[in-house]
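**Q**
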Amino acid sequence: MSLTICPLASGSSGNAIYIGDDKNRILIDCGLSGKRIEELLQSRDLACPDLDGIILTHEHTDHIKGAGVMARRWGLPVYTRPGTWSAGGEILENIPSGQQKLLLSGLSFGRLEIDYFPLSHDAREPVGLLVRRGSRQGALITDLGESNPGLEEKIYGSDALIIEANHDPDMLATGPYPQFLQERIRSPRGHLSNDDCGFLLSRVLNSQQVQVYLAHLSQDNNDPSIARITVENILREQGVDAGVDLQVAERNCASRPSVLL
Ligand SMILES: [Zn+2]
Ligand SMILES: [Zn+2]
Numbered sequence: 015m016s017l018t019i020c021p022l023a024s025g026s027s028g029n030a031i032y033i034g035d036d037k038n039r040i041l042i043d044c045g046l047s048g049k050r051i052e053e054l055l056q057s058r059d060l061a062c063p064d065l066d067g068i069i070l071t072h073e074h075t076d077h078i079k080g081a082g083v084m085a086r087r088w089g090l091p092v093y094t095r096p097g098t099w100s101a102g103g104e105i106l107e108n109i110p111s112g113q114q115k116l117l118l119s120g121l122s123f124g125r126l127e128i129d130y131f132p133l134s135h136d137a138r139e140p141v142g143l144l145v146r147r148g149s150r151q152g153a154l155i156t157d158l159g160e161s162n163p164g165l166e167e168k169i170y171g172s173d174a175l176i177i178e179a180n181h182d183p184d185m186l187a188t189g190p191y192p193q194f195l196q197e198r199i200r201s202p203r204g205h206l207s208n209d210d211c212g213f214l215l216s217r218v219l220n221s222q223q224v225q226v227y228l229a230h231l232s233q234d235n236n237d238p239s240i241a242r243i244t245v246e247n248i249l250r251e252q253g254v255d256a257g258v259d260l261q262v263a264e265r266n267c268a269s270r271p272s273v274l275l
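Shown next as structure tokens:
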């Protein structure tokens with residue numbers, strides 16, 4: 015059976031990703047209202063009672079907003095790092111203690127295996143995630159300021175990648191954000207630019223067929239077509255564009271799913 019990966023929403027207005035196979039189903043991040051997440055799942059014929067759990071990458075509101083409601087309403091366990099639990103404030107504190115699970119090692123849900131690795135971002139203990147099923151692997155790295163060799167080793171050769179292409183550097187420099195905020199976004203603990211995303215991708219692609227989602231685009235400092243063209247140009251220049259199925263993750267609705275056979 016196949017591993018399905020589907021971004022349900024992406025960007026600073028809220029992030030959620032569905033992963034699953036025929037038996038097990040997980041939500042990664044829960045950054046919209048519980049009601050909206052249910053609607054997004056339903057738009058893909060997915061039902062909340064079928065979920066096995068929620069994994070949170072870090073405590074920023076655009077990743078946890080609906081986690082409490084979803085956990086309580088559907089009795090779901092929520093997994094995240096100790097630092098994220100302590101930094102998550104009311105939203106995470108209000109999850110029943112029996113459903114608060116520490117992400118301390120890899121997780122298994124049936125044949126789905128999930129591993130995590132640290133990311134450089136201005137949160138307490140942010141993580142990227144790897145999802146494996148048999149020989150297939152998906153990687154999720156949104157909300158990171160810079161890459162590192164350990165991270166690239168982990169995600170090398172993935173069959174599907176959800177990767178941040180947050181901003182166009184020129185749009186950020188000339189856009190509406192005050193200087194301090196621009197510097198935070200550009201910092202090694204901020205967000206990845208379109209160019210950084212393209213070069214990172216060019217170092218980790220090694221699959222005949224790879225599905226790539228450009229994710230977490232800034233609404234003010236980026237544009238889907240600019241992100242796509244920038245990344246496509248870099249991949250072409252680096253000679254690694256063959257076999258890449260690239261799409262920009264939708265901001266407010268579910269993207270086309272990747273089905274890895
Ligand atoms: Zn975010
Ligand atoms: Zn963040």
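Count along the sequence shown from 1, then add 14; that gives the number in my numbering. Note that CB positions come from ideal geometry on N, CA and C, so glycine has one too.
Output the residue ranges of the beta strand (DSSP E) runs that lie fully inside the stretch 179 to 243 and measure 3 residues or longer, sorted by chain position.
**A** With a minimum length of 3 residues, the continuous beta strand (DSSP E) runs that stay inside the stretch 179 to 243 are 224 to 229.
**Q** Return yes when at least one heavy atom of ligand 1 lies under 6 Å from the C-beta of E135, else no.
**A** Here residue 135 is His; the residue named in the question, Glu, does not match the sequence. H135: no, Cβ never under 6 Å from ligand 1.
**Q** For S7, which residues in the same chain have their Cβ closer than 8 Å to its Cβ, ignoring the five residues on either side in sequence?
**A** Residue 7 is absent from the structure shown; the chain starts at 15 and stops at 275.
**Q** Give me, in chain order, the residues of the same chain whose beta-carbon lies closer than 6 Å to that of S134; leave out the 5 immediate sequence neighbours on both sides.
**A** Leaving aside the five residues that flank S134 on each side, the residues in its chain whose CB is nearer than 6 Å to its CB run, in chain order, L158, G159, E160, P202 and R203.
**Q** Strictly closer than 5 Å from CB to any heavy atom of ligand 2: give me those residues in the order they appear in the chain.
**A** H74 and D157
**Q** In three-state terms, what does DSSP make of S119?
**A** coil
**Q** Whose C-alpha, out of R265, D259 and A263, is nearest the C-alpha of L274?
**A** D259
**Q** Rounded to a whole number of angstroms, what is the C-alpha to C-alpha distance between A30 and Q252?
**A** Between A30 and Q252, the C-alpha separation is close to 31 Å.
**Q** If I measure Cβ to Cβ from G189 and keep anything under 7 Å in the same chain, skipping five residues before and after, which residues do I get?
**A** D234 and N235
**Q** Could you spell out the range, first to last residue, of the alpha helix (DSSP H) harbouring S100?
**A** P96 to A101
**Q** Any heavy atom of ligand 1 within a distance shorter than 6 Å of the CB on D210?
**A** no
**Q** Taking Cβ positions only, does E246 come closer than 7 Å to chain C?
**A** Among the chains of the structure shown, chain C does not appear; only one protein chain is present.
**Q** Indicate, with yes or no, if ligand 1 has a heavy atom lying under 6 Å from the CB of D184.
**A** no
**Q** To the nearest angstrom, how far is it from the Cα of P132 to the Cα of D59?
**A** Cα to Cα, P132 sits roughly 32 Å from D59.
**Q** Using only the heavy atoms of ligand 1, determine whether one of them is closer than 6 Å to the beta carbon of D64.
**A** If you check the C-beta of D64 against ligand 1, you find no heavy atom less than 6 Å away.
**Q** Within 10 angstroms of its Cβ, does I78 collect 16 or more other Cβ (buried), or is it exposed?
**A** Burial call: buried.
**Q** Secondary structure at P132, three-state DSSP: helix, strand or coil?
**A** strand
**Q** Just verifying my parser: in three-state terms, what is the DSSP assignment at V245?
**A** helix
**Q** Within the same chain, show all residues whose beta-carbon is closer than 6 Å to that of I199, passing over the 5 residues directly before and after it, in chain order.
**A** H205
**Q** Please tell me whether R265 and G25 are closer than 7 Å, where the distance is taken between their beta carbons.
**A** yes
**Q** Do P238 and V262 have their beta-carbon atoms positioned less than 7 Å apart in this structure?
**A** yes
**Q** For T156, tell me which candidate among D43, D36 and S272 has the shortest Cα-Cα distance.
**A** D43
**Q** What are the boundary residues of the beta strand (DSSP E) that L260 is part of?
**A** V258 to V262
**Q** Among D184, H181, Q151 and A179, which residue has its Cα nearest to the Cα of K168?
**A** Q151
**Q** Can you tell which of H72, I69, Y32 and D66 has its C-alpha closest to the C-alpha of E53?
**A** Y32
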